[in-house]
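Numbering (this note's numbering), first residue to last: 14 to 253.
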Ligand code: CDP
């Protein structure tokens, strides 16, 4: 696969064209940003770790009947993906209350609830990725009600697959953000972007220690070590 021009540059990743019209190369950068770019740092090795973690999780979803953009790993920081048309929405699944949801609902972090909570965010940096509802998304022309139903169903299915997968690694999947796109070849709604410690909250089941981007957000140190521990444990699960 021949690497072509840079077609998108985000804070934490780059996307390159290839000589195939429906395939792109995703490159995970070592940069980390938080609080809508207010906080920014570079962690050597983070890109390679997220590339591998995301590959394991997306491949697991592909093999369990959830279509994602992931095709194969190419190098340390790069993976081959299906080209998609981005839908600027984030579907956020919560299994336990953490982060800004704790403030929003007025409950302590770690609060356990029996149901699964699904939030919708408008992916828009200028507006700080606000929480919106389905009617807002349709009003803005971002997706149809039918597509939104598909995204919610798919997000719940992803959660029901990844929660036990992380559990086998001794990690609690507290919450995660999922993004969708329309595949350029078939038009199907598929999971795009990464699923990694940058987009999930992952707590060590034994110690409660945070193993995700909160280590950076909250200045808890050992960011790369924690991501590396997540990868090591997921590899142990897949090699079983
Ligand atoms: O991070 P915060 O608690 O403010 O927002 P959330 O939407 O409740 O976050 C839930 C999960 O989605 C966390 O694991 C975040 O890291 C992730 N997230 C993300 O990856 N990108 C965003 N723009 C917003 C949230």
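Note that beta-carbon positions come from the ideal geometry of N, C-alpha and C, so glycine has one too.
Residue closest to residue i, alpha-carbon to alpha-carbon, out of the options
i	options	result
residue 156	35, 104, 177 and 100	100
residue 123	131, 137 and 107	107
residue 23	242, 236, 221 and 207	207
residue 179	54, 66 and 18	66
residue 187	125, 61, 120 and 121	125
residue 63	146, 211 and 217	211
residue 174	55, 252, 70 and 21	70
residue 89	117, 45, 59 and 116	59
residue 44	250, 115, 237 and 74	237
residue 166	140, 204 and 57	204
residue 233	243, 222 and 241	222
residue 176	193, 216 and 241	216
Enclosing alpha helix (DSSP H) for residue i [first to last residue]
i	result
residue 66	59-76
residue 237	236-251
residue 149	147-152
residue 173	158-181
residue 124	Element bounds for residue 124: n/a, residue is neither H nor E.
residue 227	227-230
residue 116	113-118
Cβ separation of residue i and residue j, assumed to be a contact under 8 Å, to the nearest whole Å
i	j	result
residue 47	residue 226	7 Å
residue 224	residue 191	With a Cβ gap of about 19 Å, residue 224 and residue 191 do not count as contacting.
residue 112	residue 214	7 Å
residue 91	residue 147	Actually they are not in contact, since the Cβ atoms of residue 91 and residue 147 sit about 35 Å apart, beyond 8 Å.
residue 250	residue 181	5 Å
residue 105	residue 132	4 Å
Near the ligand CDP: residue i beta-carbon under 8 Å from a heavy atom
i	result
residue 129	no
residue 239	no
residue 107	yes
residue 113	yes
residue 226	yes
residue 189	yes
residue 213	yes
residue 261	Because residue 261 is not part of the residues shown, which for the chain are 14 to 253, the question remains open.
residue 255	Here the chain has residues from 14 to 253 only, and residue 255 is not among them.
residue 172	no
residue 134	yes
residue 142	yes
Sequence-distant residues of the same chain with beta carbon closer than 6 Å to residue i, five excluded per side
i	result
residue 169	none
residue 239	224 and 228
residue 231	none
residue 209	63, 66 and 67
residue 5	With the chain represented from 14 up to 253, any question about residue 5 goes unanswered, as that position is not in the structure.
residue 77	174
residue 115	122
residue 253	none
Residue i, enclosing beta strand (DSSP E) - first and last residue
i	result
residue 85	83-86
residue 217	213-217
residue 205	202-205
residue 38	36-41
residue 25	Premise fails: residue 25 is in no beta strand (DSSP E) and is neither H nor E.
residue 96	First-last for residue 96: undefined, no H or E at that position.
Proximity test, residue i beta-carbon vs the ligand FMN heavy atom, cut-off 8 Å
i	result
residue 103	Because the ligand FMN does not appear in the structure shown, any question about it cannot be addressed here, the ligands present being the ligand CDP.
Contact set for residue i: own chain, Cβ-Cβ below 8 Å, skip 5 residues either direction
i	result
residue 15	31 and 32
residue 35	95, 96, 196, 197 and 198
residue 142	49, 103, 134, 135 and 136
residue 201	80 and 195
Contact set for residue i: own chain, Cβ-Cβ below 7 Å, skip 5 residues either direction
i	result
residue 72	83
residue 19	27 and 29
residue 219	183
residue 93	14, 36, 38, 84, 85 and 87
Short CB-CB distance (under 9 Å) between residue i and chain D
i	result
residue 252	In summary, chain D is missing from the structure at hand, where a single protein chain is found.
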